[in-house]
Amino acid sequence: MMNVVYFAWVRERIGLPQEQVDTNAATVADLVEELKSREDRYEAAFADISALRVALDQELADFDASLVGVNEVAFFPPMTGG
Amino acid sequence: MMNVVYFAWVRERIGLPQEQVDTNAATVADLVEELKSREDRYEAAFADISALRVALDQELADFDASLVGVNEVAFFPPMTGG
Amino acid sequence: MTVRVQSEPFDAGAELNRFAQGRNDVGAVVSFTGVVRDTDGNLQEMQIEHYPGMTEAAIAKIVQDATTRWGLADALVIHRYGGLTPGAPIMMVATAAAHRSAAFEAADFLMDYLKSRAPFWKKEITSDGESWVAAKDADENALKRW
Amino acid sequence: MTVRVQSEPFDAGAELNRFAQGRNDVGAVVSFTGVVRDTDGNLQEMQIEHYPGMTEAAIAKIVQDATTRWGLADALVIHRYGGLTPGAPIMMVATAAAHRSAAFEAADFLMDYLKSRAPFWKKEITSDGESWVAAKDADENALKRW
Numbered sequence: 001m002m003n004v005v006y007f008a009w010v011r012e013r014i015g016l017p018q019e020q021v022d023t024n025a026a027t028v029a030d031l032v033e034e035l036k037s038r039e040d041r042y043e044a045a046f047a048d049i050s051a052l053r054v055a056l057d058q059e060l061a062d063f064d065a066s067l068v069g070v071n072e073v074a075f076f077p078p079m080t081g082g
Numbered sequence: 001m002m003n004v005v006y007f008a009w010v011r012e013r014i015g016l017p018q019e020q021v022d023t024n025a026a027t028v029a030d031l032v033e034e035l036k037s038r039e040d041r042y043e044a045a046f047a048d049i050s051a052l053r054v055a056l057d058q059e060l061a062d063f064d065a066s067l068v069g070v071n072e073v074a075f076f077p078p079m080t081g082g
Numbered sequence: 001m002t003v004r005v006q007s008e009p010f011d012a013g014a015e016l017n018r019f020a021q022g023r024n025d026v027g028a029v030v031s032f033t034g035v036v037r038d039t040d041g042n043l044q045e046m047q048i049e050h051y052p053g054m055t056e057a058a059i060a061k062i063v064q065d066a067t068t069r070w071g072l073a074d075a076l077v078i079h080r081y082g083g084l085t086p087g088a089p090i091m092m093v094a095t096a097a098a099h100r101s102a103a104f105e106a107a108d109f110l111m112d113y114l115k116s117r118a119p120f121w122k123k124e125i126t127s128d129g130e131s132w133v134a135a136k137d138a139d140e141n142a143l144k145r146w
Numbered sequence: 001m002t003v004r005v006q007s008e009p010f011d012a013g014a015e016l017n018r019f020a021q022g023r024n025d026v027g028a029v030v031s032f033t034g035v036v037r038d039t040d041g042n043l044q045e046m047q048i049e050h051y052p053g054m055t056e057a058a059i060a061k062i063v064q065d066a067t068t069r070w071g072l073a074d075a076l077v078i079h080r081y082g083g084l085t086p087g088a089p090i091m092m093v094a095t096a097a098a099h100r101s102a103a104f105e106a107a108d109f110l111m112d113y114l115k116s117r118a119p120f121w122k123k124e125i126t127s128d129g130e131s132w133v134a135a136k137d138a139d140e141n142a143l144k145r146w
């Protein structure tokens with residue numbers, strides 16, 4: 001089971017801040033495809049991957065990164081702190 | 001009569017913070033030559049003109065600037081504020 | 001080094017006065033305070049979301065990088081989350097160094113990195129509705145300076 | 001715009017909190033505080049001499065230039081003269097602008113110009129004697145950045 005968390009408008013489009021996902025996806029991109037095939041709200045959130053960022057176990061990563069050994073995947077738009 | 005003021009080590013070498021000087025010097029450089037010819041302490045203070053700055057009526061100026069209409073001449077080392 | 005992520009307001013002046021106190025090797029202290037700006041006069045609230053855990057770790061790494069690179073005597077980052085009203089301080093950064101160029105550059109660097117690498121997201125609630133603040137290309141490009 | 005030249009200490013934190021208050025068009029406030037540094041551990045006093053009249057006018061002109069160039073919402077300069085002990089604040093600069101780059105650059109500019117164009121001179125009194133602080137070529141060269 002993978003802990004998947006969402007922030008900002010990704011969270012709003014998907015409709016929840018986090019969920020446990022039963023997945024064997026090898027990479028982040030694979031996980032995104034799995035989620036998109038599930039329901040329209042995921043399709044809406046992940047429509048434009050270039051507008052998104054991903055963190056694996058709280059460190060920024062790429063969409064082609066492996067999920068082996070990862071406990072938490074986070075999806076969010078580019079950060080706007082400061 | 002010209003009001004001449006000195007700051008920092010220029011003041012210390014000349015031994016006073018300001019004085020009234022009776023002069024017909026046309027430029028700052030002429031005034032410096034006049035003062036140097038007076039006494040050793042002026043010679044000591046003005047030995048290296050490149051190490052000095054001058055202000056005319058409280059605005060930075062060059063040593064070849066005219067003294068026409070000027071009330072106050074100030075000599076000092078490069079500033080070290082901040 | 002101090003890093004605080006909090007919903008409560010903070011007193012920038014008091015933080016500045018406490019910062020790098022009692023050190024004789026500090027000649028320069030630079031602070032930056034980010035304030036909720038209401039350019040169009042219709043902002044009701046700025047909501048700031050963050051990623052607890054990752055936020056603190058990401059900021060600590062950025063501060064550590066700046067401290068090493070510029071030999072800072074001390075560094076401070078405070079960043080708020082939750083609902084903020086116009087004019088309220090959002091965050092502050094402070095740097096202390098022997099000389100002014102190090103303090104200035106490190107504070108500038110910290111701001112650039114916090115802006116694009118610390119997991120915060122801003123949403124503006126105006127009388128016309130609400131919208132997420134979009135990241136600017138300029139902010140991402142600013143990182144290339146360092 | 002505030003310019004103060006004074007012998008009395010000032011409270012940098014209180015000044016920062018008072019600065020640019022109640023303005024909704026300010027998103028960024030940068031402050032710089034210069035502190036008497038005692039690198040070698042033998043500094044007894046820093047004496048600062050200035051040119052009354054010219055000092056205020058020179059600073060006002062520098063602040064006016066920065067305000068125009070970066071469209072500052074507000075700017076503050078406080079500079080002390082007289083005898084200061086190690087760790088004491090010498091001077092402070094603050095800038096307020098809509099965006100952080102303007103506030104940072106204007107504060108950096110103000111410091112560069114105050115350093116080399118405002119008529120202050122520093123003398124260090126140490127246990128080994130006293131000496132005037134020499135101007136650095138780097139400080140004069142820094143002006144070419146602007």
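Chains as they are written, first to last, in my numbering: chain G, 1 to 82; chain C, 1 to 82; chain L, 1 to 146; chain U, 1 to 146. Glycine residues also receive a C-beta, built at the ideal position from the N, C-alpha and C atoms. None of the values given here were measured: they were computed from a predicted structure.
Three-state secondary structure assigned by DSSP to residue i
{"i": "G13(U)", "result": "helix"}
{"i": "M91(L)", "result": "strand"}
{"i": "R100(U)", "result": "helix"}
{"i": "D128(U)", "result": "coil"}
{"i": "E72(C)", "result": "strand"}
{"i": "A4(U)", "result": "According to the sequence as given, residue 4(U) is Arg; it is not Ala. Strand, per DSSP."}
{"i": "V5(G)", "result": "strand"}
{"i": "F120(U)", "result": "strand"}
{"i": "M46(L)", "result": "strand"}
{"i": "V10(C)", "result": "helix"}
{"i": "L84(L)", "result": "strand"}
{"i": "A55(C)", "result": "strand"}
8 Å Cβ cutoff met for residue i and residue j
{"i": "N17(U)", "j": "R37(L)", "result": "no"}
{"i": "V4(C)", "j": "V73(C)", "result": "yes"}
{"i": "A96(L)", "j": "V3(L)", "result": "no"}
{"i": "F75(C)", "j": "W121(U)", "result": "no"}
{"i": "T55(L)", "j": "V133(L)", "result": "no"}
{"i": "E34(G)", "j": "A25(G)", "result": "yes"}
{"i": "D62(C)", "j": "V70(C)", "result": "no"}
{"i": "M111(L)", "j": "V63(L)", "result": "no"}
{"i": "A135(U)", "j": "P17(C)", "result": "no"}
{"i": "G34(L)", "j": "G27(U)", "result": "yes"}
{"i": "P86(L)", "j": "A12(L)", "result": "no"}
{"i": "S66(G)", "j": "T23(G)", "result": "no"}
{"i": "F19(L)", "j": "D108(L)", "result": "no"}
First and last residue of the uninterrupted alpha helix (DSSP H) at residue i
{"i": "W70(U)", "result": "M54 to W70"}
{"i": "I49(C)", "result": "Neither: I49(C) is in no alpha helix (DSSP H) and is coded neither H nor E."}
Chain L contact for residue i (CB, 8 Å cutoff)
{"i": "Q58(G)", "result": "yes"}
{"i": "F32(U)", "result": "yes"}
{"i": "A8(G)", "result": "yes"}
For residue i, the first and last residue of its enclosing beta strand (DSSP E)
{"i": "S37(C)", "result": "First-last for S37(C): V28 to R38, but that is the alpha helix (DSSP H), not the beta strand (DSSP E)."}
{"i": "N42(U)", "result": "Careful: N42(U) lies outside any beta strand (DSSP E) and carries neither H nor E."}
{"i": "D74(U)", "result": "D74 to R80"}
{"i": "A28(U)", "result": "A28 to V35"}
{"i": "A142(L)", "result": "No beta strand (DSSP E) contains A142(L), which is instead part of the alpha helix (DSSP H) from D137 to A142."}
{"i": "V21(G)", "result": "Q18 to V21"}
{"i": "L60(G)", "result": "E59 to A61"}
Minimum C-alpha distance to residue i - residue among the options
{"i": "A60(U)", "options": "M46(U), V93(U) and P89(U)", "result": "V93(U)"}
{"i": "T126(U)", "options": "A138(U), P9(U), R69(U) and L43(U)", "result": "L43(U)"}
{"i": "A8(C)", "options": "E130(U), N141(U), D139(U) and E140(U)", "result": "E130(U)"}
{"i": "P119(L)", "options": "T68(L), P52(L), A142(L) and K136(L)", "result": "P52(L)"}
{"i": "L114(U)", "options": "W70(U), Q21(U), H50(U) and D40(U)", "result": "H50(U)"}
{"i": "E39(C)", "options": "M79(C), P17(C), R13(C) and P78(C)", "result": "R13(C)"}
{"i": "A58(U)", "options": "K144(U), R117(U) and R80(U)", "result": "R117(U)"}
{"i": "S101(U)", "options": "L143(L), D74(L), D40(L) and G82(L)", "result": "L143(L)"}
{"i": "R11(G)", "options": "A45(G), A29(G) and A26(G)", "result": "A45(G)"}
{"i": "A14(L)", "options": "T67(L), L76(L) and D65(L)", "result": "L76(L)"}
Residue-level contact to chain U via CB, residue i, 8 Å cutoff
{"i": "M79(C)", "result": "yes"}
{"i": "R104(L)", "result": "Reading the sequence as shown, one finds Phe at residue 104(L) and not Arg. Interface residue, yes."}
{"i": "D160(L)", "result": "The requested residue 160(L) does not occur in the structure, where chain L is confined to residues 1 to 146."}
{"i": "F76(C)", "result": "yes"}
{"i": "A45(C)", "result": "no"}
Residue i at chain C interface by Cβ criterion, 8 Å
{"i": "K122(U)", "result": "yes"}
C-beta neighbour in chain G for residue i, strict 8 Å
{"i": "H79(L)", "result": "yes"}
{"i": "V5(L)", "result": "no"}
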